[in-house]
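Structure, as structure tokens:
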Amino acid sequence: MPLVLRKATVATEDQPLSITEDTGSVKNVEQLEDRLTIRNFMKMQELFLPPGLNENIGMTREEFVEKMSTVVRQGTKEEYGDLFDKIDLARDGIICWDKLTSFVLLELYGRDERTKLSVIPQWKDLRLIPPIHKDAVESITFSKSLSDYLTVSRSGLLGIWSESLTLKKTLQITTEAVKPKDLWVTSLVVLPNVNKVAVSFTSKEVYFAELNSKQGFSCQYRLQGLEGTVICMNYWYNPHDGNEAILTLGDVCGQVQAVVFNTALISLFERPSNFHEDENVTMAINWQELVSGYHRCCYVLRHRLHDKEWVRQVAYSSSLDVFISVTTSSTNSLVLAWREKLSPRLTMTTFHVTQGVNAFDFHPRLNLIATAGINRQVCLWNPYVTSKSAGVLEGHSESVIAVQFIAERKLLFSFAKDKVLRIWDIQHQLCIQRIAGSFPKSLDFHSVLYFDEPRGRLFISFNNQLTLLEMEPESGKSRVASHRKAVTCVLYNSVFKQAITSDTGSTVIFWLVDTGQKTKEFTHCHGNAEISTMALDGSETRLFTGSTNGTVKIWDFNGHCHYQLNAGRDRAVEISQILVLSRTILVLGWDRMITIFHLSSLTQSLVQPSEWKGGVQHQDDILCAAFLPPQTLVTGSSGGEIVVWNNSTENAYIKLNQNPGSSDSKKGSSTGRLSSTRRTFSVPRYSITGSENCCAITRLCFLEARENMSVTGGANLVSCGAAGYVRFWNIQKSQLLGEYEAHGGIGSIIMTIDKASQYLITGDLAGWVKIWSVESYCLSSAENMVTTQPPPMIRSFQPHEDSVTYLETCARNSCLFILSSSTDRSVVLSDIYGVPFGTFGQEGHWRIGNYVPSYPKGENKDQAKEENDIKVNSSASVPFVEEEKPPNLVEQDVPVTEDKEDFSHTVNIWDNTILCRKYKEKQNQKGRKCTLFNKTAGIKPTVVFRSLNIEALKEMTEMKKLDFLLHPDKYFGEKSVEKRSEDLKLPTLSATLKAPFNEKNLFPKEILDREKKSRHLWEDMSNEARIKNGRKPGKPKGK
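Numbered per this note's numbering, the sequence shown spans residues 10 to 1048.
Here it is as structure tokens:
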């Protein structure tokens, strides 16, 4: 049986192989691949693999559509054509059975991954909390009244932690009767309704104290005289009435005892008449007094059903009104003590688990009890069914220590002595996640598990070491994650029409830009080190990945690493950019000097760097670089310096500095040209208060499409930095021409420029992206003039929820698109007008070939002028549009008067018409360029069919009016005298029915005469036709 059929054996033959995703929204129309059943795939297999042949038959698109629509009959021909296009990723024009099954498996795997991401918790890296305890941690809890975490060890050291897990203070808990060295703390619970904590000791005492006192641990009540040492406690209070509360105790004698408080807000226990509240004394309470009923504000409930076995955990469930307790005994392992109304008696229910139970948890909405068994099983129990468990979860290799429900997700934690944390799906009773290998290594350990569900934090203690697993914050159900980790880089491969993305988890993924499909995924490319940047070579057939471990790897697109460049020289350094030139590879990011590799030295798998002849010219680390053929190289540093190099000689000859007050004191070379032409230029420093790297250069881009800038003096280099500013430079004249604040008060920004140098795209730390039209910006220079007027901004939008890490442009079907990656784990495709097109990794695939860009209706030029204070001169002419290029919707100011309709948003409708498509096809066949707009008639080109040649209408001669229009009185009777309504008498119904029909009274005489002449003419022509055919003329029909 083929692999795809084995994958789907869980379905019946007539059941689709799709994975249902409960998104809580209206479901879209199912795709064809979702409707195909196992029986359909078996029919397909017979078509691809006929019984008489042993080889796999390939099919073209036409053959596939015709055969599948005829034999399988599950979809239309159009749907099978779409399915073929999805399978034929390489556009070979032919597919086989292997390609079909691979596509189906990838689709199932992708949907399974998306389902897991929506259900399975995503965790941050394990965090070790700095240890403060010398002994094993006994309790971990959260105090709502203090908004702090509390940890206590056996020695009585109480740690108070803030929500950010910084240690606020420590308190030493002691008792009066026992020395600290002989005392163990066994348990701690918080009493939030009365702002107290209860602590149990091996001295058979329970202390009630306040933590907000200036004296630290201020004990108010001391419950003493207990029969056995309390080793576990649980506290519950009524959220609607704080006076109702229950403290449940479990001891080493097998007793479960509960103190039920009636007036907790007033006083937990009865106070003597001579007791003064202002005195700093501890009130001692004897346990027998509570049992005898001496204290009227509380009473005791208890049972001894565990028969002297240590009670490992206790809890009270208000939804069932029952006390739950477990022991490590095979008999009465789980006991439910049901309260009876108006009675101190308890009704008992027992459950027996082989080898006993270590811990439990109760889910009130699912009405399930989960037990952590010593027999390595997690059992699910219905409280009303004692004979058999509702489910058994198996998978641990050692006894289970703790269990905990995730109430909102209907999931369950289980942690065992094998140091494996498993997460179970309660509904399907399957393990959906396994976490192991990252916990501290220790053979014998005491462990406590505490899950803070509102904050998504899981604490696990290993003796005195506290560890934290924190959930990744949910960004909303609609947010699609392209990667499991933060995305660091995105590239566009124009040869294979693919987007290549990398993340901090050392994973590289390949996506089809036209559809958004994932085609390949390389994992652990640099081990556990994150990939910080990527680059492509000139042929776009080799991928370069740079990592924080200081290495650069060169890959082919089959996942084979050919070379490893030792850029960091065996040091862990962060690489910020890789620049691949025709003969060299430049690596930057951590040093003041450029690290260079010559392609001729790539003879071994591990390559060492060469020496850069130019030496050190930057005062700070080089962060970015840009190259302009044939030999101009510029580099930018974290200190704001920009150095211009000759890449052939590796010598620097110009230095541009944004930091005033710095001097160029260093001599770069002994050549006279370098010393005579090298200058330092300073511009005003724009800084953010308190920021150290406010002048850092984060990106450099050349305006490659601009020509003759050395003659016109216009800008040919753009830089952006940490202060949110963008600057335009002319490196031939070493002059700053323009600067403006692209993103105010947001910190560091990044940017990219399209190949035509028309658009500048910037991104910031808040996930915002702005698109600027720079085609006509800084085209000429002026003496000592630096423009601070920003270029026209096309759109500002927020495709991401976190910082934008990389920007790239790609051109498809004569349309320009933007690829943006972010630390929110998403990669978004947007058009050049700022409209998000899709997120890579989303369930539904797009088809970029059918996309027609349109200017957002919510944005217009007036709003852009108001927001950015941009002044654009109106032009009376409309620019011509060249062949196969979409109309430029930006900065086309068509002057219109106030009383006329504004057609500025209808410019792009032409591209969506059939006439436009036919017109473009015709012009493509002719092979010449032509203009779409014709203004010979003097008509404003703002309508749909503006390319039609509309001429003035010819003058018409005056038509002769008909006689009945000139003399209506002849045909319609006298109308001069108007009769009154009372003189008009309507005929009766009977008279109307009996009146003969006379068409002469209905139509004018001229019409009747014309109809009569036509009838006679038709009869004459009919007779002549019959005579020619040899037939006798028929008698003319009378009227």
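Ideal Cβ positions, reconstructed from N, Cα and C, are used throughout, including at glycine.
Check                                                                                                                                                                                             : Outcome
Please state the DSSP three-state secondary structure of Gly-365.                                                                                                                                 : coil
For Phe-849, does the three-state DSSP call read helix, strand or coil?                                                                                                                           : coil
Out of curiosity, what's the CA-to-CA distance linking Gly-730 and Asp-579?                                                                                                                       : 30 Å
Enumerate in chain order the residues of its own chain whose CB-to-CB distance from Tyr-459 is below 6 Å, with the five nearest sequence positions on each side excluded.                         : Ile-149, Phe-468
Assuming contact is defined by CB atoms lying nearer than 8 Å, are Arg-715 and Cys-633 in contact in what I supplied?                                                                             : no
Does Phe-151 come out as helix, strand or coil in the three-state DSSP assignment?                                                                                                                : strand
Which same chain residues, not among the five before or five after Lys-213, have their C-beta less than 6 Å away from its C-beta?                                                                 : Leu-235, Thr-238
Could you tell me whether the region 766–774 touches the region 737–744, using the rule of 3 or more Cβ pairs below 8 Å?                                                                          : no
Express the C-alpha separation of Thr-291 and Ile-182 in angstroms, rounding to a whole number.                                                                                                   : 14 Å
Under the rule that 16 or more other beta-carbon atoms within 10 Å means buried, what is Thr-195, buried or exposed?                                                                              : buried
Beta-carbon within less than 7 Å of Phe-471's beta-carbon, same chain only, minus the 5 sequence neighbours each way: which residues are those?                                                   : Phe-448, Pro-449, Ser-451, Phe-454, Ser-456
Whether or not the region 432–440 and the region 396–407 are in contact is what I'm after, with contact meaning three or more pairs of Cβ atoms, one per stretch, closer than 8 Å; do they touch? : yes
Residues in its own chain within less than 8 Å of Asn-384 by CB, not counting five upstream and five downstream?                                                                                  : Val-362, Thr-363, Gln-364, Ser-408
May I ask you to verify whether the region 298–307 touches the region 316–328, counting CB pairs closer than 8 Å and requiring at least 3?                                                        : no
If the criterion is Cβ atoms closer than 8 Å, does the pair Thr-513 and Ala-495 meet it?                                                                                                          : yes
Leaving out the 5 sequence neighbours to the left and right, which residues in its chain are closer than 6 Å to Ile-505 when beta-carbon positions are compared?                                  : The sequence given here has Phe at residue 505, not Ile. Here the set comprises nothing.
Cutting at 6 Å between CB atoms, please list the residues of its own chain near Glu-549, excluding the five before and the five after it.                                                         : Asn-502, Val-504
With 16 as the cutoff for other CB atoms within 10 Å, does Met-1030 come out buried or exposed?                                                                                                   : exposed
Any chance the region 809–820 sits against the region 749–766, with 3 or more Cβ pairs inside 8 Å?                                                                                                : yes
Identify, in the order they occur along the chain, each residue of the same chain with its Cβ nearer than 6 Å to the Cβ of Thr-359, setting aside the five sequence neighbours on each side.      : Asn-341, Val-344
Where does Trp-390 land, buried or exposed, given buried means 16+ other C-beta within 10 angstroms?                                                                                              : buried
From Glu-1028 to Asp-972, what distance separates their C-alpha atoms?                                                                                                                            : 28 Å
Can you tell me whether Asp-523 is buried or exposed? The criterion is at least 16 other CB atoms within 10 Å of its CB, across all chains shown.                                                 : buried
Kindly identify the DSSP beta-bridge partner or partners of Asp-773.                                                                                                                              : Ile-758
Could you pull out every residue in the same chain whose Cβ sits closer than 8 Å to the Cβ of Ser-276, ignoring the five residues on either side in sequence?                                     : Cys-306
Quick check on the DSSP output: the alpha helix (DSSP H) that includes Ile-47 runs from which residue to which?                                                                                   : 47–57
How about Ile-651 and Ile-584: do their beta carbons lie closer than 8 Å?                                                                                                                         : no
What does the alpha-carbon distance come out to for the pair Val-836 and Cys-241?                                                                                                                 : 49 Å
Which residue spans inside the region 194–279 form an unbroken beta strand (DSSP E) run of at least 3?                                                                                            : 194–200, 205–210, 214–222, 225–233, 239–246, 254–260, 265–270
On the three-state DSSP scale, how would you describe Asn-655?                                                                                                                                    : strand
Tell me which residue opens and which closes the alpha helix (DSSP H) that Phe-93 is part of.                                                                                                     : 86–96
Let's test the definition: count the other Cβ atoms within 10 Å of the Cβ of Gln-617 and tell me whether it reaches 16, buried, or not, exposed.                                                  : exposed
Please list, in chain order, all residues of the same chain as Thr-593 whose beta carbon is under 6 Å from its beta carbon, the five residues on each side excluded.                              : Ile-605, His-607
Return helix, strand or coil for Gln-1089, following the three-state DSSP convention.                                                                                                             : Nothing in the structure corresponds to residue 1089, since the chain is present only between 10 and 1048.
Shortest alpha-carbon distance to Cys-262 belongs to which of Arg-313, Leu-552, Glu-298, His-249?                                                                                                 : Arg-313
Would His-535 be called buried (16 or more neighbouring beta carbons within 10 Å of its own) or exposed?                                                                                          : buried
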